[in-house]
Structures are given as structure tokens and as C-alpha cells.
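There are 2 protein chains.
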Amino acid sequence: MELSPEWVVGFVDGEGCFLVSIVEQPEDKVQYKVLAEFAVVQHRRDVQVLQALKRFFKGGVVRVNHDDRLCFRVRKLETLVQVCSFFQRYPLKTKKQVDFVKFRKVIAVMDSGEHLTIDGLRKVIGLAKSMIHADASRFQNVLASLGEG
Amino acid sequence: MELSPEWVVGFVDGEGCFLVSIVEQPEDKVQYKVLAEFAVVQHRRDVQVLQALKRFFKGGVVRVNHDDRLCFRVRKLETLVQVCSFFQRYPLKTKKQVDFVKFRKVIAVMDSGEHLTIDGLRKVIGLAKSMIHADASRFQNVLASLGEG
Chain A
171 MELSPEWVVG FVDGEGCFLV SIVEQPEDKV QYKVLAEFAV VQHRRDVQVL QALKRFFKGG
231 VVRVNHDDRL CFRVRKLETL VQVCSFFQRY PLKTKKQVDF VKFRKVIAVM DSGEHLTIDG
291 LRKVIGLAKS MIHADASRFQ NVLASLGEG
Chain B
171 MELSPEWVVG FVDGEGCFLV SIVEQPEDKV QYKVLAEFAV VQHRRDVQVL QALKRFFKGG
231 VVRVNHDDRL CFRVRKLETL VQVCSFFQRY PLKTKKQVDF VKFRKVIAVM DSGEHLTIDG
291 LRKVIGLAKS MIHADASRFQ NVLASLGEG
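Sequence order for the protein chains is A and B. Counting from 171, one number per residue, gives the positions in the first sequence under our numbering. Counting from 171, one number per residue, gives the positions in the second sequence under our numbering.
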């Protein structure tokens with residue numbers, strides 16, 4: 171299955187998700203780790219489409235999500251940088267674009283290594299907390315524990 | 171907002187729905203009416219995308235679906251014929267394509283007026299009952315009442 175860039179944009183406008191979460195990492199200096207993810211979930215009948223996305227983005231994995239749903243997801247920073255380049259060249263048309271712009275900034279912070287500092291982590295949270303599916307209270311709690319409520 | 175055909179295919183692969191239902195129409199000769207619908211549901215934040223789809227397909231309406239969701243939908247036969255021509259030229263990539271092929275055959279039956287006969291109605295039900303979101307037991311009941319269980 172061959173995918174065109176415009177088809178991919180349309181499909182991701184419908185089904186894609188840009189997620190940023192913060193997980194506790196007690197052994198780290200800043201005690202939290204940033205987890206960024208680009209994901210597309212589909213019924214398992216459409217596994218071929220997810221595999222085609224994996225080839226298209228030259229990375230990511232196809233995994234079981236829950237029940238009969240599969241997920242194509244990218245977590246590796248190097249591949250996320252490529253995903254961001256793609257969507258900068260071919261912008262999304264839905265309001266998901268607003269999320270993507272924040273996501274792209276988070277990836278830039280991560281790519282520079284700044285997220286490993288408390289200031290960088292605050293910057294990431296500042297961007298991520300207003301994203302559509304963000305758990306705002308969770309982000310607020312992390313900010314508070316970093317000494318900024 | 172300008173939509174490209176490939177983007178529309180990708181978006182509909184994600185969010186579109188081809189529906190066929192049978193509603194009771196006691197005053198009609200065959201007592202049932204075929205209702206075919208092409209629909210795309212989105213959060214109201216993306217009303218502009220739904221309006222762009224309406225312009226793209228030169229027909230249909232944008233309506234409240236439920237809560238904060240809006241729906242672009244086409245029910246008019248003339249516009250559905252155009253929608254089918256479009257997706258024949260630009261095929262869907264997901265398994266929704268299997269549904270679309272059945273939907274297109276239903277629209278052809280309706281376009282010929284054959285659905286106004288009992289045989290035509292049986293043909294429509296035969297196509298529609300295996301579509302992904304079909305209410306198979308409902309179709310079975312209608313077939314039974316037409317004298318074919």
C-alpha cells in the first residue's frame with residue numbers, strides 16, 4: 171500500500187494524536203521524564219494501513235492498543251523529529267494543527283536536551299498543558315513539585 | 171480552506187461513514203423507505219473543515235450531531251451519486267472501501283428507482299446488512315416482513 175503525503179495529512183487530521191506526558195523518574199536529576207508520542211489507532215482490520223504509515227515515516231512500531239484496536243506509534247526522538255518535519259511541510263487542516271505546533275516545540279526542546287533541566291521541563295509543561303487531550307491537573311501538580319505552582 | 175482530493179480520501183478513511191438504513195413508511199407500496207447517508211462527524215471546533223467538505227462535494231448539510239459534535243452529511247441522491255463518483259476515482263485505503271463498494275451499489279439501485287420495488291428493497295438489504303455498522307437483526311426483520319426470512 172502506497173501512501174501519498176496529502177492522504178497521510180488527511181488521515182492524521184482524522185485519526186492521529188500528538189501526546190506529551192510526564193512520568194516520574196526518581197533516579198533522574200529533575201525527577202521527571204518527558205514522554206512524547208505520535209500515534210494513530212485503528213481497528214485491527216486496518217493493520218495494513220498502520221504498517222504503511224510505519225513505512226511512510228520510516229520508523230515507529232505497530233502494537234496492540236486495547237481490545238481489537240491496534241496502534242502505530244512513534245516515541246523515538248529521531249523519528250519524531252522527522253514526523254515534525256513532515257507536518258511542517260504538509261500542515262494539518264483541523265485544529266489538531268494547534269496541538270501539533272506545541273508538540274513540535276516540545277520536540278525541539280527535547281532535541282536540544284533542554285528537557286533534562288528543570289527550566290526545560292517547565293517549558294515543556296507550559297507547552298503541553300494546553301494541548302487538547304492534556305491532563306492539566308497532572309501538569310499542574312508536576313509544576314508545583316518543581317517549586318512553581 | 172481548500173481541500174485536495176487525496177486529503178479528503180485520507181480524512182474520510184479516518185472519519186467518514188457510509189450508512190444505509192431502512193425506515194418504515196406505511197403509506198408506501200413496499201412499506202419501507204431506503205435512507206442512504208454519507209457522513210463525517212467532528213468536534214465543533216472543526217466546523218470549518220465540515221464546511222469545506224460541503225463545498226468540496228457541492229452539497230450536503232452541516233448539522234449538530236450530539237453534544238459538541240457536528241456532522242457533515244449528504245442524503246440527497248443526486249449528491250450521493252457525485253460522492254460515489256469521487257470515491258470511485260479516488261479509492262479509500264482502509265477497509266471502509268469494502269463498505270463503500272456496497273454503498274455505491276445501493277446508490278445505483280436507488281438511482282435506477284429499483285428500491286421502490288420489493289425486489290429492489292431486498293437487493294438493498296442484501297448489500298447493506300454486511301456493512302460494518304449495519305444493524306443486521308433489523309435488516310433480517312425487514313426481510314422477514316417482506317416474506318423472506
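Where is the CB? At the ideal position from N, CA and C, for every residue including glycine.
Residues near residue 312 (chain A) by beta carbon distance below 7 angstroms, same chain, minus five either side: Annotation for residue 312 (chain A): 192, 202 and 295 place their beta carbon closer than 7 angstroms to its own, counting only its chain and skipping 5 residues before and after.
Residue 184 (chain B) versus residue 292 (chain B): straight-line alpha-carbon distance, rounded: Residue 184 (chain B) and residue 292 (chain B) have their C-alpha atoms spaced approximately 30 angstroms apart.
Residue 303 (chain A) beta carbon less than 8 angstroms from that of residue 189 (chain A): Yes, the pair counts as a contact, with Cβ atoms nearer than the cut-off.
Pairwise C-alpha distance: residue 205 (chain A) and residue 319 (chain A): Any reading at residue 319 (chain A) must be qualified, since the residue scores a pLDDT of 44, below 50, and its modelled position is unreliable; the value itself is stated next. If you take the alpha carbons of residue 319 (chain A) and residue 205 (chain A), they lie about 21 angstroms apart.
Residues near residue 264 (chain B) by beta carbon distance below 7 angstroms, same chain, minus five either side: Answer for residue 264 (chain B): 183, listed in chain order.
Cβ separation of residue 240 (chain B) and residue 220 (chain B), assumed to be a contact under 8 angstroms, to the nearest whole Å: Between residue 220 (chain B) and residue 240 (chain B) the Cβ distance is about 6 angstroms, and since that is below 8 angstroms, they are a contact.
Through-space distance from residue 217 (chain B) to residue 196 (chain B), alpha-carbon basis: Rounded to the nearest whole angstrom, the CA to CA distance from residue 196 (chain B) to residue 217 (chain B) is 37 angstroms.
Enclosing beta strand (DSSP E) for residue 186 (chain A) [first to last residue]: Here the beta strand (DSSP E) through residue 186 (chain A) covers 186 to 194.
Opposing strand residues paired with residue 278 (chain A) [DSSP bridges]: BP columns for residue 278 (chain A) are empty, so no partner.
Residue 316 (chain A) versus residue 246 (chain A) - alpha carbon distance: A direct Cα-to-Cα measurement between residue 316 (chain A) and residue 246 (chain A) gives close to 26 angstroms.
Below-8 angstroms beta-carbon distance, residue 265 (chain B) vs any chain A residue: Yes, because at least one Cβ of chain A sits closer than 8 angstroms to the Cβ of residue 265 (chain B).
8 angstroms Cβ cutoff met for residue 262 (chain A) and residue 256 (chain A): At a Cβ-Cβ threshold of 8 angstroms, residue 262 (chain A) and residue 256 (chain A) do not count as neighbours.
Supposed contact pair residue 209 (chain A) and residue 187 (chain A) - C-beta distance, whole angstroms, cut 8 angstroms: Between residue 187 (chain A) and residue 209 (chain A), the beta carbon gap of about 5 angstroms places them in contact (Cβ cut-off 8 angstroms).
Contacts that residue 230 (chain B) makes with chain A (C-beta to C-beta distance below 7 angstroms): None at all; the shortest Cβ gap to chain A is about 17 angstroms.
Own chain, CB closer than 7 angstroms to residue 238 (chain B), minus 5 neighbours either side, in chain order: Excluding positions up to five away in sequence, the list reads 213 and 214.
Inside the segment 188 to 246 of chain B only - alpha helix (DSSP H) runs reaching at least 4 residues: DSSP runs (the alpha helix (DSSP H)) wholly in the segment 188 to 246 of chain B: 217 to 226.
Residue 289 (chain B) - containing alpha helix (DSSP H), residue span: Counting along the chain, the alpha helix (DSSP H) containing residue 289 (chain B) begins and ends at 288 to 298.
Proximity of residue 227 (chain A) and residue 211 (chain A) at Cβ, strictly below 8 angstroms: Not in contact: residue 227 (chain A) and residue 211 (chain A) (Cβ atoms no closer than 8 angstroms).
Inter-residue Cα distance where the pair is residue 172 (chain A) and residue 194 (chain B): Their Cα atoms are separated by approximately 43 angstroms.
Backbone secondary structure at residue 285 (chain B) - three-state DSSP: It is helical.
Nearest-angstrom Cα separation, counted from residue 234 (chain B) out to residue 174 (chain A): Straight-line Cα distance between these residues: approximately 32 angstroms.
Partners in chain B for residue 259 (chain A), counting only beta-carbon separations shorter than 9 angstroms: Ordered by position in chain B, no residue passes the 9 angstroms Cβ test against residue 259 (chain A), which lies about 14 angstroms from the chain.
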